[in-house]
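Numbering (the working numbering), first residue to last: -17 to 390.
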């Protein structure tokens, strides 16, 4: 097609968008495909928990966007302003339009820092940090090392958020460091979770509760951070019985998360604001030549890079069939993975599909995901980053082929 039109347009240069584009190219070399992404860098976001725990250097988690754009794909360095699915086109921030035959929507999720009063003004100072931003994760590790007493608070907002286990991963790694340093007994650690349970899949809760008890963590469920005063070191939480303001020496904040505005206000959005797709085929429920995946999709799975890794081949297969005038044949089962770093050197490898059904990738004699394991740590620290950069983003579908085929 012309410069202002392509066979396939992918919105988003994150894990989901790049993986899908690469998978489509692997199946159909020479495919006319464009990726719309304004950022000049690409991040391996699962690594930021490890940065905050002093395991990774933040520089190893970020690479130039140009280095991950699949060869042959056109990179359009702009933001999307709006969608016009009735006209098969996307309007970009500069007012120009981009036509498509098939649209892949993978813009990720927006971190809504502004929803917590006072937070933006104090991030990165006054003991206020978050592993959800690359520039702040090193500050998390700095605070962990500096804290020798007082109160440390770790928060979790209401769902949906990306990597639902990340709020407590940072806490466990911090507690393990304090335990090894001999100061854990001098620190009051609180986990304040807006949700009603420690973790959404019950099979993994017993192992996590063992660590909550081991580290002496004070668990506050149904407690949602609504305001923060950094200079005064005060945080305000809302609960069913009213608001409570507590002091802190350090606080790790996870921001509320919402669909990007240009998506939420578009005809592609469902009631949640995310791309309204069939939960198995990932095809849009109203526009058959539109597909959605990753954190910006409406599927009720855990929003993780592991989910995007499984979704990308499904979208690749079904989108190519749509180009050929055929119906979808590949299906996504809701797989998500959350390697819960319960201590330095051990991980509870949570893997599950729709409905909380356990979906282990390995036999239990090798890795029993419901128990902390050293081999799972090796997978998280050494294997998965390599697979991400050299496999997933290159269209190699190791342990992630388009399974779940449905009848044609």
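We put the beta carbon where it would ideally sit given N, CA and C, even for glycine.
Contact set for residue i: own chain, Cβ-Cβ below 8 Å, skip 5 residues either direction
i: residue 388; result: The predicted model places residue 388 with a pLDDT of 49, which falls under 50 and marks its position as unreliable; any figure quoted below should be read in that light. Taken in chain order, the residues that qualify are 262, 263, 310, 311, 312, 313.
i: residue 390; result: With a pLDDT of only 35 at residue 390, under the threshold of 50, the placement of this residue in the model should not be trusted, and no figure is reported.
i: residue 353; result: 189, 330
i: residue 166; result: 157, 160, 197, 198
i: residue 357; result: 348, 349
Same chain, Cβ closer than 6 Å to residue i, neighbours up to 5 away in sequence not counted
i: residue 156; result: 126
i: residue 140; result: 176
i: residue 75; result: 60, 61, 63
i: residue 271; result: 84, 304
i: residue 34; result: 113, 119, 122, 123, 152
i: residue 374; result: 1, 291
i: residue 199; result: 171, 173
i: residue 378; result: none
i: residue 342; result: 333, 351
i: residue 232; result: 109, 125, 129, 134
i: residue 396; result: Limits of the chain in this structure are -17 at one end and 390 at the other, which puts residue 396 out of reach.
i: residue 106; result: 118, 121
i: residue 336; result: 316
i: residue 180; result: 187, 190
i: residue 221; result: 204, 205
When the options are compared against residue i, the one with the closest alpha-carbon
i: residue 30; options: 111, 104, 97, 60; result: 111
i: residue 392; options: 287, 233, 226; result: It is not possible to answer for residue 392, since the shown part of the chain is limited to -17 through 390.
i: residue 189; options: 280, 350, 172; result: 350
i: residue 247; options: 198, 70, 66, 192; result: 66
i: residue 259; options: 277, 44, 281, 359; result: 281
i: residue 223; options: 233, 229, 231, 202; result: 202
i: residue 168; options: 146, 154, 197, 145; result: 197
i: residue 301; options: 231, 283, 9; result: 9
i: residue 145; options: 221, 28, 228; result: 28
i: residue 228; options: 164, 137, 279, 256; result: 137
i: residue 45; options: 325, 21, 278; result: 21
i: residue 226; options: 244, 245, 204, 243; result: 204
i: residue 191; options: 163, 150, 266, 297; result: 150
i: residue 278; options: 256, 14, 365, 147; result: 256
i: residue 147; options: 14, 266, 323, 336; result: 323
i: residue 266; options: 369, 42, 68, 32; result: 68
i: residue 71; options: -12, 115, 14; result: -12
Cutoff 7 Å; reference residue i; Cβ partners in own chain excluding five residues on either side
i: residue -16; result: Note on residue -16: pLDDT 48, under 50, position unreliable in the model; the coordinate value appears next. Once the five neighbours on either side are set aside, residue -16 has no close Cβ partner at all.
i: residue 183; result: 332, 334, 338
i: residue 104; result: 110, 210, 212
i: residue 376; result: 4
i: residue 142; result: 239, 285
i: residue 102; result: 95, 96
CB of residue i within 9 Å of CB of residue j, strictly
i: residue 290; j: residue 1; result: yes
i: residue -2; j: residue 55; result: no
i: residue 211; j: residue 109; result: no
i: residue 307; j: residue 359; result: no
i: residue 340; j: residue 185; result: yes
i: residue 37; j: residue 363; result: yes
i: residue 50; j: residue 371; result: yes
i: residue -14; j: residue 79; result: yes
i: residue 208; j: residue 219; result: yes
i: residue 86; j: residue 252; result: no
i: residue 18; j: residue -4; result: no
i: residue 82; j: residue -10; result: yes
i: residue 268; j: residue 249; result: yes
i: residue 6; j: residue 24; result: no
i: residue 26; j: residue 367; result: yes
So does the region 131 to 140 actually touch the region 203 to 220, counting three or more Cβ pairs closer than 8 Å?
yes
Entirely enclosed beta strand (DSSP E) segments - the region 230 to 289, minimum 3 residues:
232 to 234, 272 to 274
Identify every run of the alpha helix (DSSP H) within the region 105 to 169, keeping only runs that are complete inside it and at least 4 residues long; order them along the chain.
119 to 128, 148 to 163
Contact the region 80 to 95 vs the region 239 to 250: 3+ CB pairs below 8 Å:
yes
Fully enclosed by the region 55 to 86, which beta strand (DSSP E) runs are 3 residues long or longer?
56 to 58, 62 to 66, 71 to 74
Just to confirm the assignment: which complete alpha helix (DSSP H) runs, minimum length 4, are found wholly within the region 327 to 352?
none
Counting only runs of 3+ residues fully inside the region 31 to 55, write out the beta strand (DSSP E) ranges in chain order.
44 to 46
Considering only residues of the region 193 to 222, which uninterrupted alpha helix (DSSP H) runs meet the minimum length of 4 residues and lie entirely inside it, listed in chain order?
none
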